[in-house]
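As you go down the protein sequences, you meet chains R and F in turn.
For reference, each letter of the first sequence is one residue, going 460 to 623 in our numbering.
For reference, each letter of the second sequence is one residue, going 460 to 623 in our numbering.
Read through the structure below, which is laid out as structure tokens, and then see the notes.
Protein chains: 2
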Amino acid sequence: MKLSNGVEWALHSCVTLSQSREPVQATRLAELHGIPRAYLAKHLQALSRAGIVHATAGQVGGYALTRPAASVTMLEVVQAIDGIEPAYRCTEIRQRGPLAVPAEQCERPCAIARAMAAAQEAWYRALTAVSIADLAAAIDIDSDGTAMADVRRWLAESRRSLPG
Amino acid sequence: MKLSNGVEWALHSCVTLSQSREPVQATRLAELHGIPRAYLAKHLQALSRAGIVHATAGQVGGYALTRPAASVTMLEVVQAIDGIEPAYRCTEIRQRGPLAVPAEQCERPCAIARAMAAAQEAWYRALTAVSIADLAAAIDIDSDGTAMADVRRWLAESRRSLPG
DNA sequence: GGTTCCCGGATATTTCTTGTCCGCGTTGTG
DNA sequence: CACAACGCGGACAAGAAATATCCGGGAACC
Ligand code: SF4
Ligand code: SF4
Chain R
460 MKLSNGVEWA
470 LHSCVTLSQS
480 REPVQATRLA
490 ELHGIPRAYL
500 AKHLQALSRA
510 GIVHATAGQV
520 GGYALTRPAA
530 SVTMLEVVQA
540 IDGIEPAYRC
550 TEIRQRGPLA
560 VPAEQCERPC
570 AIARAMAAAQ
580 EAWYRALTAV
590 SIADLAAAID
600 IDSDGTAMAD
610 VRRWLAESRR
620 SLPG
Chain F
460 MKLSNGVEWA
470 LHSCVTLSQS
480 REPVQATRLA
490 ELHGIPRAYL
500 AKHLQALSRA
510 GIVHATAGQV
520 GGYALTRPAA
530 SVTMLEVVQA
540 IDGIEPAYRC
550 TEIRQRGPLA
560 VPAEQCERPC
570 AIARAMAAAQ
580 EAWYRALTAV
590 SIADLAAAID
600 IDSDGTAMAD
610 VRRWLAESRR
620 SLPG
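As structure tokens, then:
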């Protein structure tokens, strides 16, 4: 079981966006995190398609959160990047081989699939309980209240200096 | 997030093995489920390395559970096949870029990594709660008490007829 | 001793992730 | 209103990982 590392970038980007009311360009977000610009843009597009962020084009364009950070859950971001398909994909092997179960008995998933679905559900619940705002607040506390202020300052500064 | 489909084969194989006190060859397990024999053998080797099943060589060899089915949890099987590394791998991007956090502040994982770890823990807990014996019992109930008996009959029969 | 079967690694094939590119639409400006 | 600049969006290659397969030992049984 593996999670795309783009999830980490997307979560960090959302936390950063929650600190700015103006749109932030993909170039800035990539530079801030030291990651390839073009690839981050691809993931941001996925967030855009999921309705989590809104992209504005043009000279002063960029990305911004569409909803308040407190209403965006981690699960939404994870699913936007990694897809909504569950980790366990049942290939219905019980319908194959010499003891094949007839299809009419396979209407509802079997015990194995049910247990896996329950585990997935527990995973979803844990991620739903945490919002982007929670993350921003927790990161701020971890850094003694300087992290988010630094981000806001850097965003304001880069908007002036870098395009020059 | 994706789970190797070998997990499904391994779980089915364990349930099957729980119905037989004699060792069952990899060839039989593969035939019963209609899956490639060689690849299933590779996964069974992983189960063997994890101590879940014991392989006996020789003419009447095969695989058998080392412990009672009630004491083997789904999580053990999943981790034996899919590995124990967590789904979310933190690449410490906060230590990169213009706002890099110094390493001495990164001793404990940040809020994002903590939330992901909590979700993973919930997933583990759900899988630990279900044993192979539970699965066998549930599958038996789903089939009105015929599935496991059919498996036992097929195993006994194939041991006579097929090698001939 | 012959046979059967499991173990382990080496290897080919396919799929997915990662990474990069340029066209199109949008925005601000003259 | 036409122009030019800018960034988003999806299409396109390279790399990694999973999937699937094969064969040479070694062990147990007959
Ligand atoms: S639903 Fe259950 S029995 Fe059917 S293939 Fe999936 S795990 Fe196997
Ligand atoms: S520990 Fe937190 S801040 Fe550091 S890279 Fe992981 S998610 Fe980002």
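Backbone N, C-alpha and C fix where the C-beta goes; we use that ideal spot for every residue, glycine too.
Predicted, not measured: the structure shown is a model, and the values here were computed from it.
Just to confirm before moving on: does the CB-CB distance between residue i and residue j stay below 8 Å?
i	j	result
F:T550	F:T587	no
F:L462	R:M607	no
R:R555	F:G465	no
F:Q478	F:L614	yes
F:L499	F:T475	no
F:Y547	F:A572	yes
R:P495	R:Y522	no
R:V537	R:I511	no
R:Q484	R:G520	yes
F:I552	R:H471	yes
F:V610	R:A574	no
F:L524	F:A469	no
Do residue i and ligand 1 come close, with the Cβ less than 7 Å from some heavy atom?
i	result
R:C549	yes
F:C473	no
F:E467	yes
F:I591	no
R:C569	yes
R:I543	no
Considering only the alpha carbon of each residue, which of the options lies closest to residue i?
i	options	result
F:S530	F:L614, F:R612 and F:C473	F:C473
R:I543	R:Q579, R:Q518, R:W468 and R:R567	R:Q579
R:I600	F:A505, F:A570 and F:R611	F:A570
F:A577	R:P568, R:A581 and R:A514	R:A581
F:P557	R:E616, R:I598, R:A469 and R:D541	R:E616
F:A539	F:R584, F:R612 and F:K501	F:K501
R:L534	R:I591, R:S507 and R:R567	R:I591
F:A528	F:A514, F:R480, F:S602 and F:E467	F:R480
F:P568	R:R567, R:A585, R:I598 and R:P545	R:I598
F:P545	F:A497, F:T515 and F:Y583	F:Y583
R:E467	R:R526, R:T515 and R:L503	R:L503
F:E566	R:A489, R:T515, R:S602 and R:R618	R:S602
With a threshold of 7 Å (Cβ to nearest heavy atom), would residue i be considered close to ligand 2?
i	result
R:E490	no
F:E566	no
F:A572	yes
R:I540	no
F:I552	yes
- request: Please specify which runs of the alpha helix (DSSP H), each continuous and at least 4 residues long, are wholly inside the region 532 to 595 of chain R, giving them in chain order.
  value: 533 to 541 and 570 to 587
query: What are the complete alpha helix (DSSP H) segments, minimum 4 residues, inside the region 460 to 528 of chain F?
result: 465 to 476, 485 to 492 and 496 to 508
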